[in-house]
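**Student:**
There are 2 protein chains.
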Amino acid sequence: MRNYNFCSGPAALPEPVLRQAQEELLDWRGMGASVMEVSHRSAEFDAVAKQAEADLRELMAIPANYKVLFLHGGASHQFGMVPLNLLGGAKTSCDILDTGIWSEKAVAEAKRYGGVNTVKALVQRDGLFAISEPASWKLDSNAAYVHYTPNETIGGVEYHFIPETGGVPLVADMSSNILSRPIDIEKFGLIYAGAQKNIGPSGLTVVVVREDLLDQALPFIPSMYRYKTHAEHGSLVNTAPTFAWYLAGLVFQWLKAEGGVAALGERNARKAQKLYDYIDASGFYSNPIHPSCRSRMNIPFRLADESLNKAFLVESEAAGLMALAGHRSVGGMRASIYNAMPEAGVDALIDFMREFARVNG
Amino acid sequence: MRNYNFCSGPAALPEPVLRQAQEELLDWRGMGASVMEVSHRSAEFDAVAKQAEADLRELMAIPANYKVLFLHGGASHQFGMVPLNLLGGAKTSCDILDTGIWSEKAVAEAKRYGGVNTVKALVQRDGLFAISEPASWKLDSNAAYVHYTPNETIGGVEYHFIPETGGVPLVADMSSNILSRPIDIEKFGLIYAGAQKNIGPSGLTVVVVREDLLDQALPFIPSMYRYKTHAEHGSLVNTAPTFAWYLAGLVFQWLKAEGGVAALGERNARKAQKLYDYIDASGFYSNPIHPSCRSRMNIPFRLADESLNKAFLVESEAAGLMALAGHRSVGGMRASIYNAMPEAGVDALIDFMREFARVNG
Chain A
1393 MRNYNFCSGP AALPEPVLRQ AQEELLDWRG MGASVMEVSH RSAEFDAVAK QAEADLRELM
1453 AIPANYKVLF LHGGASHQFG MVPLNLLGGA KTSCDILDTG IWSEKAVAEA KRYGGVNTVK
1513 ALVQRDGLFA ISEPASWKLD SNAAYVHYTP NETIGGVEYH FIPETGGVPL VADMSSNILS
1573 RPIDIEKFGL IYAGAQKNIG PSGLTVVVVR EDLLDQALPF IPSMYRYKTH AEHGSLVNTA
1633 PTFAWYLAGL VFQWLKAEGG VAALGERNAR KAQKLYDYID ASGFYSNPIH PSCRSRMNIP
1693 FRLADESLNK AFLVESEAAG LMALAGHRSV GGMRASIYNA MPEAGVDALI DFMREFARVN
1753 G
Chain B
1393 MRNYNFCSGP AALPEPVLRQ AQEELLDWRG MGASVMEVSH RSAEFDAVAK QAEADLRELM
1453 AIPANYKVLF LHGGASHQFG MVPLNLLGGA KTSCDILDTG IWSEKAVAEA KRYGGVNTVK
1513 ALVQRDGLFA ISEPASWKLD SNAAYVHYTP NETIGGVEYH FIPETGGVPL VADMSSNILS
1573 RPIDIEKFGL IYAGAQKNIG PSGLTVVVVR EDLLDQALPF IPSMYRYKTH AEHGSLVNTA
1633 PTFAWYLAGL VFQWLKAEGG VAALGERNAR KAQKLYDYID ASGFYSNPIH PSCRSRMNIP
1693 FRLADESLNK AFLVESEAAG LMALAGHRSV GGMRASIYNA MPEAGVDALI DFMREFARVN
1753 G
């Protein structure tokens, strides 16, 4: 039996993807071996790699002057890779928009490699957390780049607009909302995303980078951190995380079959809206984020009586609703509802929450 | 149908491991989710992580003053991580024993971070490649460490002894022979191994490091490259490559059930000996490595008439013997026979080679 899995990451994968992976786990494409036992330099794996890139380019409408990289590691590696790759040119500082814990991790690592102008972008509005007015941001027109976190997985804060940077390259940590809605890639210099939320299993990170940004690395950057090297070798400088890459490819195929990012975007908006609507109307649950910047992917909420938290978690788990505990740094609850979460899962969650509130409210 | 897979890496995994992974791919331990969909911070994954470490410690007899790390990436990342972690103390140079392509990659990256004394350790002896006499090595007693490659995957050269360094920490890239025979860990300062040969799928690297070596990193080391940080956080600084880690744990369990590293060591010696014996006696195939340092894991060989290479590859593949082509840099053939290759696979290869030689010789 499969539960509805609200884990923030590693997150639920589409069931058809797992079924296909299961089916061919010991004998992939009649090779008499698992895809994870096949050389990363074989014609068969090369076809997987090329198809995954082509599908991602199609799904996200990535222009030809951007490279798509499939790299080892997670977003935490990118916190170092981004400044190490981008702060070694004429411009040696960056702006970072701070909307929470993940932004702050990017700040801490970037400071080790250059100047960082941290722009506090989270404020209180109407007693709720909100992204501040862009007009109030003091950005540096001479920065090498502006970094932001389009969706804060822990806080549940999401930008529903793309920041204007006046020509300064925009860098986005899209780990938790990549492929969740259409975006205009040309507004970005670099996008990165750890795979384990909307792409595949952990251990893989996708980077989309504009070609003109590949020549400004710091001299002491580790070779395996250098985007240009990976771009020149089709992300096969060394043995890639091939099984994760293959699964990402299956997820991209599934996304296409589901109607692509536009269709998913509509579904995600609907899923999130009905959960927020229920929370707001419940009188029992609350979400601390201003409606203008509520995340469609990660929905934190609290019970009116927090002494019921444990009961909520035990009973929801028993009802087949997994991993609803909030991040350890903030407590409460959190429902992560990425692309792979079906609308029926959100409905089941709301039904459970309603019944729990009725009994305990 | 499963073929005998002689790929050098990503390499064959034990079939029972893949069968278990397949069985529980959609519903792991009754959780209603795949292990790859479960939080790396959950109690369930924590148990996997702890068991894998305990089993590896038992299999390799790792003393308590060594940390065991499960990291993202492959050995190519370690080529940078080792010097970045070890050349920032009072001693700023290292010795590297050069026995081939993988040693040379370690040299190239280490040179970017400190002094490197490259010791050519591969010579010709009796018309064959051989590891030079240790007495001839000019090692620096003031080096931060001595790095070597116990088994050269491409060349097929393996040390059947552990170099004496007179107290200088010994660092070993054991990617292709870890767990293939018993070793005395206390002779090493640091061991690393990309998983995709003898441990699990690609995207995971195991590091075993003596605690006293954790405090000599260069100041500009990326945070995710720092061993100490991973050691302090049980390799869960960020989202680990959980599925690869889980599979590694299944491989360790399989190794224990097979009798552990001592039993595998005997089997590996037997497998390699019978293949070398056949090659040497064949009059049709040849191996260019001196018997004193022939690899038990990777056995390169050439056909007397290389115009038959293509036929050899086509016919061996048709016979269910996969991936026998040599590395693209050297050509010829190579049979990689790691722990997961059963003795019957080596027998089948010899039978095929004998018949091919009879027909074409």
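Chains as they are written, first to last, in our numbering: chain A, 1393 to 1753; chain B, 1393 to 1753. Each residue gets a CB set at the ideal place from its N, CA and C atoms; glycine is no exception.
#1: Could you tell me which residues DSSP puts in a beta bridge with A:MET1714?
#2: Taking 8 Å as the limit between beta carbons, can you name the residues of its chain near A:ALA1500, skipping five residues before and five after?
#3: Pull out every residue of the segment 1601-1615 of chain A whose Cβ sits closer than 9 Å to any Cβ of chain B, in chain order.
#4: Does the beta carbon of B:GLU1501 sit closer than 8 Å to a beta carbon anywhere in chain A?
#5: Assuming B:LEU1610 and B:TYR1505 make a contact with CB atoms under 8 Å, what is their CB distance in whole Å?
#6: Which residues, taken in chain order from the segment 1728-1739 of chain A, show a beta carbon closer than 7 Å to some beta carbon of chain B?
#7: Tell me where the alpha helix (DSSP H) around A:THR1621 begins and ends.
#8: Interface residues of chain B around A:GLY1481 at Cβ under 7 Å?
#9: Is the distance from the Cβ of A:VAL1460 to the Cβ of A:GLU1445 below 8 Å?
#10: Kindly say whether A:VAL1511, judged by its beta-carbon, lies nearer than 8 Å to any beta-carbon of chain B.
#11: Buried or exposed: which applies to A:HIS1622, given that a residue is buried once 16 or more other Cβ atoms fall within 10 Å of its Cβ?
#12: So what does B:ARG1602 bridge to, in DSSP terms?
#13: Can you name the residues of chain A whose CB is closer than 8 Å to the CB of B:ARG1394?
#14: How many whole angstroms separate the CB atoms of B:GLN1384 and A:GLN1414, which I take to be in contact at a CB cut-off of 8 Å?
#15: Rounded to whole angstroms, what is the Cα-Cα separation between B:TYR1619 and A:VAL1600?
#16: Considering Cα atoms alone, identify which of A:VAL1508, A:LYS1512, A:ARG1517, A:ALA1502 is closest to A:ASP1490.
#17: Please classify B:PRO1475 as buried or exposed, where buried requires at least 16 neighbouring CB atoms within 10 angstroms.
#18: B:GLN1516: buried (16+ other C-beta within 10 angstroms of its C-beta) or exposed?
#19: Hey, does A:HIS1539 have any beta-carbon neighbour from chain B nearer than 8 Å?
#20: If you check the beta carbons only, do A:HIS1552 and B:HIS1464 fall under 8 Å apart?
#21: Please check if any C-beta of chain A sits within less than 8 Å of the C-beta of B:CYS1685.
#22: Classify A:ASN1701 as helix, strand or coil using the three-state DSSP reduction.
#23: Where does the unbroken alpha helix (DSSP H) through A:HIS1469 begin, and where does it stop?
#24: Taking C-beta to C-beta, are B:PHE1676 and B:ALA1749 nearer than 8 Å?
#25: Alpha carbon to alpha carbon, what distance is there between B:PRO1614 and A:THR1484?
#26: Quick one: residues in its chain with C-beta nearer than 6 Å to the C-beta of A:SER1627, no 5 flanking neighbours on either side, listed in chain order?
#27: Determine whether the beta carbon atoms of B:PRO1593 and B:LEU1647 lie at a separation below 8 Å.
#28: So B:PRO1402 and A:SER1699 are in contact, right, with Cβ under 8 Å, and what is the actual spacing, rounded?
#29: With DSSP collapsed to three states, give me the class of A:SER1594.
#30: For A:LEU1405, return the contacting residues in chain B, with the cut-off set at a CB-CB distance below 8 Å.
#31: Identify each residue in the segment 1637-1668 of chain B for which the Cβ-Cβ distance to at least one residue of chain A is less than 7 Å, and report them in chain order.
#32: Rounded to whole angstroms, what's the CA-CA distance from A:PRO1526 to A:VAL1563? Just pull it up for me.
#33: For A:GLY1480 and A:GLU1624, I'd like the C-alpha separation in whole angstroms.
#34: The alpha helix (DSSP H) that contains A:PHE1437, what's its start and end?
#35: Please check if any C-beta of chain B sits within less than 8 Å of the C-beta of A:PHE1635.
#36: Could you check how far apart the C-beta atoms of A:TYR1537 and A:PRO1561 are, in whole angstroms? I think they sit under 8 Å.
**Tutor:** Taking the geometry as given:
#1: A:ASN1397
#2: Excluding residues within five positions, the ones whose Cβ falls inside 8 Å are PHE1471.
#3: LEU1610, PRO1611, PHE1612, ILE1613, PRO1614, SER1615
#4: yes
#5: 6 Å
#6: none
#7: 1619-1624
#8: In chain order: nothing, as chain B lies at least about 17 Å away.
#9: yes
#10: no
#11: Residue environment for A:HIS1622: buried (at least 16 other C-beta atoms within 10 angstroms of its C-beta).
#12: B:ARG1602 pairs with B:TYR1458.
#13: LEU1418, ASP1419, GLY1424, ALA1425
#14: Nothing about residue 1384 of chain B can be reported from this structure: the residues present for chain B run from 1393 to 1753 only.
#15: 28 Å
#16: Closest option to A:ASP1490, Cα to Cα, is A:LYS1512.
#17: buried
#18: exposed
#19: Taking Cβ atoms only, chain B never reaches closer than 8 Å to A:HIS1539, which makes this a no.
#20: no
#21: no
#22: helix
#23: Start and end: 1467-1478.
#24: yes
#25: 17 Å
#26: LEU1461, PHE1462
#27: no
#28: The pair is not a contact, with the Cβ atoms about 50 Å apart (cut-off 8 Å).
#29: coil
#30: SER1426, MET1428, GLU1429
#31: none
#32: 16 Å
#33: 19 Å
#34: 1435-1452 is the span of the alpha helix (DSSP H), which, as asked, contains A:PHE1437.
#35: It does: the Cβ of A:PHE1635 has a partner Cβ on chain B nearer than 8 Å.
#36: With 8 Å as the limit, A:TYR1537 and A:PRO1561 qualify as a contact, their Cβ atoms being about 4 Å apart.
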